[in-house]
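What follows is a set of notes on a single structure, which appears directly below.
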Amino acid sequence: MRGKQLYEGKAKVLFEGPEAGTIIQYFKDDATAFNAQKKGTINGKGVINNVISELIMLRLTELGIPTHFIRRINMREQLVRSVEIVPLEVVVRNVAAGSICKRLGLEEGDMLDESLVEFCYKDDELGDPLIAQEHALAFGWADEEELDDIVHYTHRINDFLRGLFFGIGLRLVDFKLEFGRLETEEGTMIVLADEISPDSCRLWDVETNEKMDKDRFRRDLGGIEEAYQEVARRLGVLPKSGLQEDTTED
Ligand code: TMP
Ligand code: ASP
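Going by my numbering, 103 is the number at position 122 of the sequence shown; the sequence numbering is gapless.
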């Protein structure tokens, strides 16, 4: 089903899909942090991120939020629509953690009065610097209408995800989204792209405050595989057949 390899990123490989305008996303177990200065493997991560992202994309589609997702192919691969990625990392913060603590001298765990949407310019060489929306406009990374759509969808996604995770005893501290431009007969539209998974979210257990996301890898906290599996288990998507390599059609 896979065509030629188009791109290899830090956590995924993209291949041409079976039809024009489609792409296959293959989810790897590779993990990186701090702009790839730290590298490692989280066994089974690719499978878990694939099924978690599938669940979330499907639920968002039901809510009327357009995404690139078409369907999951197997344990490691999903079929998505080919989009032009907007070179912005859109970060939503509900609780202070990570880079904002360093930047603004906040205590990790401080509740933010309002959810905060931040933009970073997606450029590894520059370390994905924080920018204002005005930079995106000034440098032509996105236009005003696209930014309006991105901010609107981002707040709706945050509302949905906070509820979804709270329902399984997890606090959604922050997360990162990427959007793409999809060409349609009616014109170009903004859709959610990439993935939503414990790689791109901070999730803390509501009872114990235990970290259940990639911070376990970033900060060498141990129990990484178990944390990813626990998030999938609580969401009801932990594969019963285990997490072995499998790229056959389901
Ligand atoms: P930060 O606190 O390091 O800026 O991260 C904010 C959120 O964005 C956190 O949930 C992790 C996620 N994130 C990514 O998914 N990819 C990245 O490259 C970075 C820096 C953060
Ligand atoms: N994935 C990013 C990297 O390797 C950063 C992170 O998630 O911490 O650089």
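Glycine is no exception: its CB is placed at the ideal position from the N, C-alpha and C atoms.
In the DSSP assignment, methionine 170 forms a beta bridge with Leu163. In this structure, glutamate 127 lies near valine 67, with their beta-carbon atoms less than 9 Å apart. Here glutamate 211 has Met193 as same chain residues with Cβ atoms under 8 Å from its own Cβ, once five neighbours each way along the sequence are excluded. Here DSSP, grouped into helix, strand and coil, assigns glutamate 115 to helix. Pairing leucine 163 with leucine 173, the inter-Cα distance amounts to about 10 Å. For arginine 84, the shortest separation between its Cβ and any heavy atom of the ligand ASP does not lie below 8 Å.
Relative to the ligand TMP, the nearest heavy atom lies less than 8 Å away from the CB of serine 181. In the three-state reduction of the DSSP assignment, methionine 38 falls in the helix class. Remark: the shortest separation between the CB of aspartate 201 and any heavy atom of the ligand ASP does not fall under 8 Å.
Of the residues Glu106, Ile46, Asp104 and Asn75, the one whose Cα lies closest to the Cα of aspartate 91 is Asn75. Cα atoms of alanine 113 and phenylalanine 198: separation of roughly 29 Å, rounded to the nearest angstrom.
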